[in-house]
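Student:
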């Protein structure tokens with residue numbers, strides 16, 4: 356495993372939850388909380404690449420994951436610095452490499468599915484068709500239930516303000532346990548998954564031992580990102596679309612949907628799930 | 356009011372709900388239903404513009420609304436035909452105009468907020484800052500409750516498969532009533548709102564007498580699209596982000612959030628709501 360890349364990163368913070376006064380249906384004033392949403396424009400070697408709308412909880416990780424998933428940077432080692440500045444709502448990324456044809460990389464746009472979407476450049480769809488995850492590892496029913504419970508009790512922006520999606524990534528511990536590595540919320544689930552992807556990239560973590568959880572639906576885009584990271588398990592509290600399922604079948608990804616309490620539904624590759632006997 | 360534009364449109368249909376076999380947490384097989392999701396690549400006068408991921412319930416309306424909201428076509432009168440072909444997952448749009456610089460129009464990308472996002476080209480944000488909706492009209496509490504109930508009882512893909520967002524548009528009828536004009540579901544709420552926008556454009560309906568409802572959150576993008584359509588009322592079953600609220604304040608839009616049963620919360624411009632006495 357390579358040493359952790361030496362990236363100079365800002366640690367820009369911003370208020371995530373805001374109190375606002377509203378009226379209820381009887382005209383009575385009450386206070387409530389809503390999540391922030393701000394624009395963040397990414398500049399790659401001074402070239403404007405994209406403007407993302409984000410909660411802003413982990414902007415450096417988001418930038419890193421965006422660059423990774425859009426294939427705009429090949430390795431974290433290529434990045435010299437990421438400086439996020441909320442005064443100007445911008446993220447300046449400086450690379451160590453000579454110039455790359457950013458125009459060519461960003462010429463093809465795909466607007467992906469609603470709740471948890473993003474824009475994917477280039478031939479990501481073609482790339483996916485080449486991915487088949489190896490069989491294994493397995494995850495026990497107890498570990499799945501423990502994972503769902505750890506999400507339930509986790510402190511969150513969602514509990515304070517609603518209106519955000521969470522993504523989390525876990526590692527297996529022993530036969531029946533899991534450990535939460537990262538939990539990230541954003542107004543866009545595509546941002547949350549990109550942020551997690553960025554953190555995994557930075558830590559040089561291979562996806563093959565990881566389990567990915569999201570509160571949002573597993574649409575084509577989410578499954579593509581999971582397959583790109585090489586994560587064999589995608590779990591959601593929500594549902595799955597047909598293209599999400601088809602992509603999971605093609606890439607041999609295990610999908611668990613409607614995860615809640617002790618319940619879940621296995622949509623693909625159930626061989627990776629070990630059921631408890633006598634349950 | 357101008358005559359309805361003469362556009363030759365296909366009426367492409369495709370299965371929206373799919374039955375799949377899953378395993379529950381005890382390993383028992385069961386059947387469930389999930390929504391379709393497919394790609395639709397828009398070609399404008401033979402130039403590839405974008406690929407949208409969509410449920411596919413109203414592809415021609417989606418194309419029309421996308422072209423409207425991205426400002427790629429100025430008027431429905433400029434469109435000669437829209438031909439959607441699900442064999443090739445493409446929509447061919449032919450205009451009556453001479454060539455326009457599509458490259459210039461599509462050069463700036465904004466990836467908007469997750470659940471209900473999209474890509475907005477050009478200076479839409481700047482355009483919004485010039486919009487201020489006029490005061491009025493008003494909507495009574497009874498009409499709001501009737502609207503929420505009509506959504507509740509409406510037949511939907513959501514009831515059959517979950518995992519889709521709905522958008523609907525209503526017209527006021529008398530002092531306390533509303534009439535549903537269109538109800539559209541999609542895997543992306545940005546697609547659903549674009550589709551509604553397309554239908555309103557085609558019918559040459561001004562937004563000022565309309566009420567817009569969505570099951571998704573009112574993020575910046577949704578409020579921008581509402582303001583662009585000139586709709587004074589945006590209602591959601593879900594929540595609001597801070598930028599959504601700020602944009603509503605700037606454009607004088609009335610926002611009702613957490614609409615459920617007889618309940619709702621007014622986030623902005625409550626002057627447009629007439630409360631029932633003694634409630």
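Residue numbers (my numbering), protein chains in the order written: chain A, 356 to 634; chain B, 356 to 634.
Just so it is clear, CB atoms sit at the ideal spot from N, CA and C, and this is done for glycine as well.
1) Could you tell me which chain A residues have their CB closer than 7 Å to the CB of residue 509 of chain B, listed as they occur along the chain?
2) Shortest alpha-carbon distance to residue 592 of chain B belongs to which of B/620, B/413 and B/362?
3) Taking a Cβ distance cut-off of 7 Å, strictly less, list which residues of the stretch 489 to 503 of chain B are near chain A, in chain order.
4) If you draw a straight line from the alpha carbon of residue 429 of chain A to that of residue 405 of chain A, how long is it in whole angstroms?
5) In chain A, which residues lie with their C-beta within 9 Å of the C-beta of residue 445 of chain B?
6) May I have a chain-ordered list of the beta strand (DSSP E) segments no shorter than 3 residues that lie completely inside the stretch 515 to 595 of chain A?
7) Under 7 Å Cβ-Cβ, which residues of chain A neighbour residue 380 of chain B?
8) Residue 379 of chain A by DSSP, collapsed to three states: which one?
9) Check the Cβ-Cβ distances between residue 622 of chain A and every residue of chain B, and say whether any is below 8 Å.
10) Run down chain B in chain order and give the residues with a C-beta less than 8 Å from the C-beta of residue 538 of chain A.
11) Measuring alpha carbon to alpha carbon, tell me which of A/418, A/433 and A/485 ends up nearest residue 585 of chain A.
12) Closest Cβ-Cβ distance between residue 518 of chain B and chain D: below 8 Å?
13) Give every residue of the same chain whose Cβ lies closer than 7 Å to the Cβ of residue 387 of chain A, excluding the five residues on either side of it in the sequence, and list them in chain order.
14) Taking the CB atoms as reference points, tell me whether residue 609 of chain A and residue 628 of chain A lie closer together than 8 Å.
15) Can you give me, in chain order, the residues of the stretch 367 to 397 of chain A that have a beta carbon less than 8 Å from any beta carbon in chain B?
16) Establish whether the CB of residue 625 of chain B and some CB of chain A are separated by less than 8 Å.
17) Restricting to Cα atoms, I'd like to know which of B/364, B/413 and B/612 is closest to residue 370 of chain B.
18) Roughly how many angstroms separate the alpha carbons of residue 613 of chain B and residue 622 of chain B, rounded to a whole number?
19) From the beta carbon of residue 572 of chain B, is the nearest beta carbon of chain A less than 8 Å away?
20) I need the boundaries of the alpha helix (DSSP H) containing residue 632 of chain B, first residue and last residue.
21) Ordered along the chain, which non-local residues of its own chain (more than five positions away) have a Cβ less than 6 Å from that of residue 360 of chain A?
22) What are the boundary residues of the alpha helix (DSSP H) that includes residue 499 of chain A?
23) Quick check on residue 451 of chain B: buried or exposed, where buried means 16 or more other Cβ atoms within 10 Å of its Cβ?
24) Tell me which residue opens and which closes the beta strand (DSSP E) that residue 623 of chain A is part of.
25) Note down the Cα distance separating residue 356 of chain B from residue 565 of chain B, rounded to an integer number of angstroms.
26) Counting contacts by CB-CB distance shorter than 8 Å, is residue 585 of chain B in contact with chain A?
27) Which stretch, first to last residue, makes up the beta strand (DSSP E) that contains residue 308 of chain A?
28) Is the separation between the beta-carbon of residue 589 of chain A and that of residue 577 of chain A shorter than 8 Å?
29) The stretch 594 to 612 of chain A: which residues have C-beta closer than 8 Å to a C-beta of chain B, in chain order?
30) Name the chain B residues whose beta carbon is nearer than 7 Å to that of residue 525 of chain A?
31) Can you tell me which of A/569, A/536 and A/533 puts its alpha carbon nearest to the alpha carbon of residue 548 of chain A?
32) Return yes when the Cβ of residue 528 of chain A is within less than 8 Å of the Cβ of residue 409 of chain A, no when it is not.
33) Considering only DSSP beta bridges, list what residue 438 of chain A is partnered with.
34) What does a CB cutoff of less than 7 Å around residue 470 of chain A pick up in its chain, not counting 5 residues either side in sequence?
35) Between which two residues does the beta strand (DSSP E) holding residue 369 of chain A run?
36) What would DSSP say about residue 452 of chain B, mapped onto helix, strand or coil?
Tutor: Concretely, from the data shown:
1) The residue labelled residue 509 of chain B in the question sits at position 154 within the second chain. Correct list: empty, because the minimum Cβ distance to chain A is about 19 Å.
2) Mapped onto the second chain, residue 592 of chain B falls at position 237. Out of B/620, B/413 and B/362, B/620 has the C-alpha closest to the C-alpha of residue 592 of chain B.
3) 496
4) By one-based count along the first chain, residue 429 of chain A stands at place 74. By one-based count along the first chain, residue 405 of chain A stands at place 50. Each residue's alpha carbon lies about 18 Å from the other.
5) Here residue 445 of chain B is taken as the residue at index 90 of the second chain, counted from 1. Within chain A, no residue comes near residue 445 of chain B; the closest Cβ sits about 13 Å away, beyond 9 Å.
6) 520 to 528, 532 to 541, 565 to 569 and 588 to 591
7) One-based indexing of the second chain puts residue 380 of chain B at position 25. Chain A residues near residue 380 of chain B: 496, 617, 618 and 619.
8) The residue you call residue 379 of chain A lines up with position 24 of the first chain. In the structure shown, residue 379 of chain A sits in a strand (DSSP, three-state: E or B).
9) For the purposes of this step, residue 622 of chain A is taken as the residue at position 267 of the first chain. At least one chain B Cβ lies under 8 Å of residue 622 of chain A.
10) In the first chain, the residue the question calls residue 538 of chain A occupies position 183. Ordered by position in chain B, no residue passes the 8 Å Cβ test against residue 538 of chain A, which lies about 16 Å from the chain.
11) Taking the first chain and counting its residues from 1, the one referred to as residue 585 of chain A is at position 230. Among A/418, A/433 and A/485, the Cα nearest to that of residue 585 of chain A belongs to A/485.
12) Absence of chain D from the displayed structure is noted, the protein chains being A and B.
13) Here residue 387 of chain A refers to the residue found at position 32 when the first chain is read from its first residue. Counting only Cβ-Cβ distances below 7 Å, and skipping sequence neighbours, we find 375 and 377.
14) Against the first chain, residue 609 of chain A aligns to sequence position 254. Against the first chain, residue 628 of chain A aligns to sequence position 273. Yes, the Cβ-Cβ distance between residue 609 of chain A and residue 628 of chain A is below 8 Å.
15) 373, 375, 377, 378, 379, 380, 381, 382, 385, 387, 389, 390, 391, 392, 393 and 394
16) Taking the second chain and counting its residues from 1, the one referred to as residue 625 of chain B is at position 270. Chain A, which has a Cβ nearer than 8 Å to the Cβ of residue 625 of chain B, makes this yes.
17) Your numbering for residue 370 of chain B matches position 15 in the second chain. That would be B/413, whose Cα lies nearest to the Cα of residue 370 of chain B.
18) If you number the second chain from 1, residue 613 of chain B lands on position 258. If you number the second chain from 1, residue 622 of chain B lands on position 267. One C-alpha to the other measures close to 10 Å.
19) Here residue 572 of chain B corresponds to residue number 217 of the second chain, with the count starting at 1. Residue 572 of chain B counts as touching chain A.
20) On the second chain, position 277 is the one that residue 632 of chain B refers to. No alpha helix (DSSP H) holds residue 632 of chain B; DSSP gives it neither H nor E.
21) As a working note, residue 360 of chain A is residue 5 in the first chain. Answer for residue 360 of chain A: 431 and 432, listed in chain order.
22) Locating residue 499 of chain A in the first chain gives position 144, where the first residue counts as 1. Note, residue 499 of chain A: alpha helix (DSSP H), 496 to 508.
23) The residue labelled residue 451 of chain B in the question sits at position 96 within the second chain. Exposed, by the Cβ-count rule.
24) Start at 1 with the first residue of the first chain, and residue 623 of chain A comes out as number 268. Note, residue 623 of chain A: beta strand (DSSP E), 618 to 623.
25) Sequence index remark: in the second chain, residue 356 of chain B carries index 1 (1-based). Sequence index remark: in the second chain, residue 565 of chain B carries index 210 (1-based). For residue 356 of chain B, the predicted structure reports a pLDDT of 49, less than 50, and the residue's modelled location is therefore unreliable. A value from the coordinates is still provided. Each residue's alpha carbon lies about 16 Å from the other.
26) Here the question's residue 585 of chain B lines up with position 230 in the second chain. No, no contact with chain A.
27) The requested residue 308 of chain A is not part of the displayed model; chain A covers only 356 to 634.
28) Position 234 of the first chain, counted from the start, is the residue given in the question as residue 589 of chain A. Position 222 of the first chain, counted from the start, is the residue given in the question as residue 577 of chain A. Against a cut-off of 8 Å, the Cβ pair of residue 577 of chain A and residue 589 of chain A comes out as a contact.
29) 594, 595, 596, 597, 598, 599, 600 and 612
30) As a working mapping, residue 525 of chain A is identified with position 170 in the first chain. Within 7 Å Cβ-Cβ: nothing; residue 525 of chain A doesn't reach chain B, min ~18 Å.
31) Here residue 548 of chain A refers to the residue found at position 193 of the first chain. Among A/569, A/536 and A/533, the Cα nearest to that of residue 548 of chain A is on A/569.
32) For the purposes of this step, residue 409 of chain A is taken as residue 54 along the first chain, with counting starting at 1. For the purposes of this step, residue 528 of chain A is taken as residue 173 along the first chain, with counting starting at 1. No. Outside cutoff.
33) Here the question's residue 438 of chain A lines up with position 83 in the first chain. For residue 438 of chain A, which the question treats as bridged, DSSP gives the partners A/447.
34) To locate residue 470 of chain A, count along the first chain from 1; it is residue 115. Any answer about residue 470 of chain A is weak, because its pLDDT of 31 lies below 50 and its placement is not dependable; what the coordinates show is given next. Once the five neighbours on either side are set aside, the close Cβ partners of residue 470 of chain A are 544, 571 and 572.
35) The residue given as residue 369 of chain A occupies position 14 in the first chain. Taken as a continuous stretch (DSSP letters only), residue 369 of chain A belongs to no beta strand (DSSP E), as it is neither H nor E.
36) Mapped onto the second chain, residue 452 of chain B falls at position 97. Looking at residue 452 of chain B - three-state DSSP - the assignment turns out to be coil, as it is neither helix nor strand.
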